[in-house]
Structures are given as C-alpha cells and as structure tokens.
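Per the working numbering: the sequence shown = residues 1 to 214. Cβ coordinates follow ideal geometry from the N, Cα and C atoms, glycine included. This one's a predicted model, so the numbers in the text were calculated from it and none came from an experiment. Working notes, beginning with the structure itself.
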Amino acid sequence: MFQKLNSLNLALQGRKSNIVDSKEAIVSFLQKLDVYRRNIGRREFLQFPNLKKVEEAVKVDHLILHQSHLKQLRSDMEIRFMDLMELVTPEWVSTPFQAEPTHADVEIQESQTDLRSDIAASCQFRQLGRNIWTKNDLPDRLPTLWQRAENFFIAFPSTYMVECGFSRVVTLTKSGNRIDIAARSDLRLSLSNMGPNIAKLVEKHQTQRSHEAE
C-alpha cells in the first residue's frame, strides 16, 4: 500500500503538475481503494503481492481488518482533499477541442470557438495535453479565455513549488545574491512554468545605433 501511496505522491509533484491533473489523480486513487477493498473481500490479492504470498494463511478476520483500513484511508483522504474534490473543472478547460462552446458562459463562447478552429493548437494539444495552456501563446491571443482558465494552471496543487522556492532561496543566498532576489526576479524565473516567447521578444527588440555611428 505504501508503494501505491508513493506513486500517487509522485503524480502530484513536479513543475507540470496542476490542480486539474491532481484532482484526477486523487479521484482515480479513491476509486482504486474501492476496488482493492472489494477484491480483498473476495480473496483476490493480485494488487497486493505480499498478501498473495501468504494467501493460504489469511483468515476472515484479517480480510475484515484490511478492508477496514482501506475504508478508513479513503475517508481520511476525502477529508484531506475535500477542497480539491469540490473543484469543478469546466469541460472547455479539460478538453478544449471537444467541448461544445454553447455549454460555456456566453462571455467566452467566441474565444472558445476560435480555439476549436485553431488547427495548429489542436495538434499541439495532442502532444502537450492541458499543458498547452501554459506552453502556447493562448494567453496573448485569447486573453478572455485565459483569464478564466489561468487559475486552474497557476495554482500550486502541492507543496512541491514551495519546496523548490526554499531550495532556490538557499542557493541564491549561498551565491551572495540574497539582496538582489526580488529586484532580479531570480526566484520567479526559477519557479515559473511559462516559457519565453522568443518570437515576440525578437519582434519587440530594436537595435540601438551607437553615438559614434552618428
């Protein structure tokens, strides 16, 4: 069981993690707990190798105890992740190219229709999945849509980013840059998932002529 919990923990970590994916991982795990509990009651121990090895010695009392532990674990996790479980993710956020625009709020229906018609973005979605929201120029092209979607992708779903922040502060402090952390935005850059828009930066760049050339 600890191995399964560790796998869930890994699924909730990392820079690419967001609250939408995290909720799906939690919901999936809770459903698995129900499956495990039913299987144990039927003496089906395939998901538990250690029990499988000693299945002949497992008594009914043991089965009831294991089922009770799994039920309690599910209850504890429902309480711990209550806020995440109550989160309602709009269909157009999870599956933007399949969601019907008329099912969304009127204010974003036009923007969603524009997105659904974007062939290039659709191809990128097949590669990146929901990470397309932060890896594409969608925030610039469809600001109204992004304004509604950004909270699902910039919020911290776990303590991973906090731990990264502390680690980065320690690194900057050791390198003597503690005073300049805020001014230089080193901390924000190291924690951000947003990649630079190179094309836009190049477009805005203007070469300055030297005074000597004049």
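Contact annotation: I108 and L145 have beta-carbon atoms nearer than 8 Å. Separation of the CB atoms of L70 and L33 is rounded to 5 Å, and the pair is thereby assigned contact status at 8 Å. Rounded to whole angstroms, the separation of the alpha carbons of V20 and Q13 is 13 Å.
K204 sits in a helix when the DSSP states are folded into three classes. If you compare the alpha carbons of V202, K200, A199 and E150 with that of N18, the shortest gap goes to E150. If you draw a straight line from the Cα of R80 to the Cα of E100, it comes to about 33 Å. Relative to the Cα of A25, the nearest Cα in the group V106, L115 and N6 belongs to N6. Rounded to the nearest whole angstrom, the CA to CA distance from R38 to L8 is 20 Å.
Unbroken beta strand (DSSP E) runs of no fewer than 3 residues, entirely contained in the stretch 58 to 110, are not found. Pairing L87 with K23 gives a Cβ-Cβ distance under 8 Å. E91 and F48 have their C-alpha atoms roughly 35 Å apart. Taking C-beta atoms as the reference points, D105 and L142 fail to come closer than 8 Å.
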